[in-house]
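Going down the list, the protein sequences come from chains S and R.
Per the working numbering: the first sequence = residues 12 to 377.
Per the working numbering: the second sequence = residues 12 to 377.
2 protein chains.
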Amino acid sequence: MKINGTWYRPIWPDEDDPGLVRVIDQRRLPHEFAVLDIRDVDTAIFAIKDMVVRGAPLIGATGAWAMVLALRACPGGDQDAWLGREAARIAAARPTAVNLAWAVDRVAAAVRGAEDPEERISLARQLALEIADNEAECCRMIGVHGLPLVRDIHKKTNKTVNILTHCNAGWLACVDYGTATAPVYAAHDAGVPVHVWVDETRPLNQGARLTAFELAAHGVPHTVVTDNAGGHLMQHGMVDMVIVGTDRTTRTGDVANKVGTYLKALAARDNSVPFYVALPSSTIDWNMEDGVREIPIETRDPDEVRFVQGLFDGALVKVLVPPEKSQALNVAFDVTPARLVTGLVTERGVCGAGEKEILGLFPERA
Amino acid sequence: MKINGTWYRPIWPDEDDPGLVRVIDQRRLPHEFAVLDIRDVDTAIFAIKDMVVRGAPLIGATGAWAMVLALRACPGGDQDAWLGREAARIAAARPTAVNLAWAVDRVAAAVRGAEDPEERISLARQLALEIADNEAECCRMIGVHGLPLVRDIHKKTNKTVNILTHCNAGWLACVDYGTATAPVYAAHDAGVPVHVWVDETRPLNQGARLTAFELAAHGVPHTVVTDNAGGHLMQHGMVDMVIVGTDRTTRTGDVANKVGTYLKALAARDNSVPFYVALPSSTIDWNMEDGVREIPIETRDPDEVRFVQGLFDGALVKVLVPPEKSQALNVAFDVTPARLVTGLVTERGVCGAGEKEILGLFPERA
């Protein structure tokens with residue numbers, strides 16, 4: 012997608028320097044546009060942990076590139092053992108999104124047969140490019156399959172379709188197009204009038220900072236609201252549908268997404284508002300059946316709750332909100348049970364949030 | 012209640028100057044303790060609108076004192092007509108809490124028979140003191156009636172009772188003790204171990220700023236969480252009960268409270284967590300039956316959503332979070348339908364959230 016007319020992805024390999032991967036520093040958006048240079052595994056892990064990059068698909072792509080950098084740094088000896096240790100470090104950077112472990116495992120498997128270090132690097136590099144391209148293509152297809160859902164509402168109401176989303180499951184999270192935003196962009200580009208309610212998404216405000224930034228850059232009408240507002244909006248008919256992303260989806264359709272998603276799903280159900288989850292199948296954990304019990308939920312630094320970052324006097328600063336001595340808890344995700352999900356929008360089509368329905372689209376997983 | 016060992020109420024008349032009412036400036040807590048001097052109706056209206064004072068009971072008390080100041084400024088002529096115009100201005104300062112109009116009307120009615128300006132001022136002053144004292148006493152009784160609810164949970168579990176609350180319905184909002192916090196303080200003081208999950212309560216963070224401040228000052232263990240976190244906490248058995256306040260309650264038990272309350276009520280219901288609303292009967296609007304349809308919901312300045320206030324470099328500053336050009340909507344309250352409310356904790360006892368149950372405690376309203 013474009014920023015001020017220039018086409019960007021949130022991650023890309025440098026054209027000239029094979030040891031350099033570059034990412035948009037999402038911690039500083041929307042007020043500053045900065046690029047972080049990643050030349051080693053430690054920096055890649057830092058970028059994932061500190062949320063320079065975030066969003067399940069992008070974390071996966073970053074993990075794949077981290078594996079390329081790991082292979083480049085391999086000191087010789089037992090290459091697979093070295094890579095295994097590096098892979099474990101990378102995969103542990105964030106626990107909730109399944110894409111990270113998935114991408115890292117794929118790269119490890121792809122190079123396992125090769126002996127020549129250069130060949131291993133080349134194979135990994137090719138796969139990292141493929142993973143990123145595949146995420147982008149999946150997102151494009153989510154837009155293709157999600158567009159009719161938006162268009163159908165417009166046909167019924169003949170009014171602007173009001174879509175609520177939580178966090179940022181946009182192109183910044185997903186290499187391109189986004190997951191939750193793909194149907195929005197597709198509808199907007201197809202001339203279906205849409206307006207997006209953007210949950211600010213505390214603590215890190217990825218909605219207010221990133222989703223609003225993306226939508227503004229693409230010219231999609233939107234309004235930022237607090238995370239508290241969605242229930243009221245739905246009670247008063249101001250939301251036609253909810254679309255969110257997911258960091259991990261069980262084979263039964265439970266969905267782990269940014270904390271607070273579950274509350275919006277409850278409000279959608281209470282007000283008969285359709286609640287869709289958009290996802291590339293790379294976020295499906297085929298080994299899990301009970302999301303609330305099984306999906307590991309990341310707890311992050313309490314200071315992300317205590318401090319809020321924003322623009323003051325031309326500079327990005329962090330302000331302390333609660334009393335200095337009050338402690339805080341920072342739970343990053345929650346799980347929305349499948350029973351609250353109207354449908355899953357995947358790269359292969361839309362299905363109900365249930366094992367049978369999901370396997371209908373992905374029969375090879377049966 | 013006490014701040015650093017000194018007893019305070021959030022509003023009090025100056026001992027020496029009969030034309031001066033003083034309030035704690037709640038906009039600057041917890042990082043600064045400041046007092047605003049109110050000498051005229053305009054300043055009182057400013058204090059209510061700008062949330063120097065906030066919380067339904069305190070807004071009512073402030074409205075009563077504003078009427079005293081209005082009477083002191085009466086230029087002569089038709090005193091009731093003058094007071095009527097001032098009363099309308101004061102009551103319009105904030106639309107959702109019913110206490111404001113209620114307190115203003117009571118003062119207007121109390122002075123209507125009197126001719127002598129000094130007598131009118133004296134009557135109003137006496138009533139303003141009474142209203143504040145009555146709110147404090149109601150809150151104390153809410154604590155008396157709410158304590159057994161907390162104690163019963165402790166008896167069953169023999170563990171610390173985890174109570175989640177939203178916004179600030181503490182003594183800062185309520186002259187003394189608080190509504191939602193009254194059972195918490197009562198339990199803590201009675202030796203029942205409690206821990207409070209404090210929703211930060213965006214946009215103005217009254218939870219993180221004020222509830223955390225109060226609880227810290229009183230020594231009650233507490234943890235600040237984002238408004239998004241409550242659903243996850245309830246899913247994982249980390250919340251034993253929810254207690255919130257209310258700005259207006261219908262005679263049928265629908266509850267208007269700070270926006271986001273409805274989402275917590277939904278999560279409580281979905282996880283079988285008891286959801287209590289604590290209220291003095293002054294917040295009951297005996298003329299309303301359908302809260303979602305009838306209670307006017309205040310929309311406030313979008314900049315309260317766009318900017319977050321906190322401490323930076325020793326000073327209170329406001330930082331801009333979303334892109335400069337993204338618009339925001341600031342809905343201040345939402346309505347929780349009675350069907351989601353386990354019980355109402357009033358100054359006369361606990362009852363179910365239904366017309367019949369409420370009238371059982373307040374038969375004079377039948």
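All C-beta atoms, glycine included, are put in the ideal place defined by N, C-alpha and C.
Partners in chain R for residue i, counting only beta-carbon separations shorter than 8 angstroms
i, result
"Glu211(S)", "Arg213, Val316, Val332 and Pro333"
"Ile14(S)", "Simply none; closest approach about 12 angstroms."
"Gln320(S)", "Val330 and Val332"
Which residues DSSP lists as bridging residue i, in chain order
i, result
"Cys362(S)", "Leu355(S)"
"Lys329(S)", "Gln320(S)"
"Glu234(R)", "Position check: residue 234(R) holds Thr in this sequence, whereas Glu was assumed. BP columns for Thr234(R) point to Gln338(S) and Trp208(R)."
"Val172(R)", "Val205(R)"
"Asp200(R)", "None, per the DSSP bridge assignment."
"Phe286(R)", "Val253(R)"
"Thr347(R)", "Val266(R)"
"Ile22(R)", "Val34(R)"
Cross-chain neighbours of residue i in chain S, by beta carbon under 8 angstroms
i, result
"Gly271(R)", "Thr237, Asp238, Asn239, Ala240 and Gly242"
"Leu175(R)", "The contacting residues do not exist; Leu175(R) stays about 12 angstroms from chain S at best."
"Leu277(R)", "Gly242, Leu274, Leu277, Ala278 and Asp281"
"Ala67(R)", "Neighbours of Ala67(R) on chain S: none; closest Cβ ~18 angstroms, over 8 angstroms."
"Ala227(R)", "Pro334, Lys336 and Ser337"
Residue i, DSSP secondary structure in three states
i, result
"Thr17(R)", "strand"
"Pro374(R)", "helix"
"Tyr188(S)", "coil"
"Trp297(S)", "coil"
"Arg123(R)", "coil"
"Phe44(S)", "coil"
"Thr272(R)", "helix"
"Arg259(R)", "strand"
"Asp27(S)", "coil"
"Arg131(R)", "helix"
"Val79(R)", "helix"
"Val63(R)", "coil"
"Arg117(S)", "helix"
"Thr107(S)", "coil"
"Arg280(R)", "helix"
"Arg162(S)", "helix"
"Arg33(R)", "strand"
"Ile70(R)", "helix"
"Ile49(S)", "strand"
Chain S residues whose Cβ lies nearer than 7 angstroms to that of residue i
i, result
"Gln10(R)", "Given a span of 12 to 377 for chain R in the structure shown, any question on residue 10(R) remains unanswerable."
Contacts of residue i in chain S (Cβ-Cβ under 9 angstroms)
i, result
"His233(R)", "Ser337 and Gln338"
"Pro285(R)", "Going along chain S, no residue has its Cβ under 9 angstroms from Pro285(R), so there is no contact; the nearest lies around 17 angstroms."
"Arg220(R)", "Val332, Pro333 and Pro334"
Contact set between residue i and chain R, taken where Cβ atoms lie within less than 9 angstroms
i, result
"Gly325(S)", "Result: empty, since nearest Cβ-Cβ is about 11 angstroms, beyond 9 angstroms."
"Leu183(S)", "Within chain R, no residue comes near Leu183(S); the closest Cβ sits about 13 angstroms away, beyond 9 angstroms."
"Ala77(S)", "Chain R residues near Ala77(S): none, gap ~29 angstroms exceeds 9 angstroms."
Proximity test, Cβ basis, 8 angstroms: residue i and chain B
i, result
"Pro128(S)", "Judged by its chain identifiers, the structure shown contains no chain B, and its protein chains are S and R."
Beta-carbon neighbours of residue i, restricted to chain R and to distances below 7 angstroms
i, result
"Ala267(S)", "None at all; the shortest Cβ gap to chain R is about 10 angstroms."
"Ala223(S)", "Pro333, Pro334 and Ser337"
Residues of the stretch 358-376 of chain R whose Cβ lies closer than 7 angstroms to any Cβ of chain S, in chain order: none
Could you list the residues in the stretch 242-264 of chain S with a C-beta less than 7 angstroms from some C-beta on chain R, going in chain order? Gly242, His243 and Gln246
Listed from N- to C-terminal order along the chain, which residues in the stretch 299-314 of chain S have their beta-carbon within a distance smaller than 9 angstroms of any beta-carbon of chain R? Val303, Ile308 and Pro313
What residues from the stretch 343-355 of chain R come within 8 angstroms of chain S, judged by C-beta to C-beta, listed N to C? Phe344, Asp345 and Val346
Is it the case that the stretch 185-202 of chain S contacts the stretch 285-298 of chain S, given that we only count it when at least three CB pairs across the two stretches are under 8 angstroms? yes
Residues in the stretch 95-116 of chain S having any Cβ partner in chain R nearer than 8 angstroms: none
Contact between the stretch 274-282 of chain R and the stretch 307-323 of chain R: three or more CB pairs below 8 angstroms? no
Counting Cβ pairs closer than 8 angstroms, one from the stretch 37-53 of chain S and one from the stretch 64-77 of chain S, do we hit at least three? yes
Is it the case that the stretch 329-343 of chain S contacts the stretch 245-257 of chain S, given that we only count it when at least three CB pairs across the two stretches are under 8 angstroms? no
Would you check if there are 3 or more beta carbon pairs closer than 8 angstroms linking the stretch 145-165 of chain R to the stretch 257-265 of chain R? no
Scan the stretch 33-60 of chain S for residues whose Cβ lies nearer than 8 angstroms to a Cβ of chain R and list them as they occur along the chain. Pro41 and His42
Decide yes or no for the touch test of the stretch 156-170 of chain S against the stretch 88-108 of chain S: beta carbon pairs closer than 8 angstroms, at least 3 of them. no
Is it a yes or a no for the stretch 31-39 of chain S touching the stretch 83-103 of chain S, going by three-plus beta-carbon pairs under 8 angstroms? no
Do the stretch 226-239 of chain R and the stretch 201-218 of chain R meet, that is, are 3 or more Cβ pairs less than 8 angstroms apart? yes
With a cut-off of 8 angstroms, do at least 3 Cβ pairs link the stretch 172-189 of chain R to the stretch 12-24 of chain R? yes
If contact is defined by three or more beta carbon pairs under 8 angstroms, each pair taking one atom from either stretch, is the stretch 163-174 of chain R in contact with the stretch 194-206 of chain R? yes
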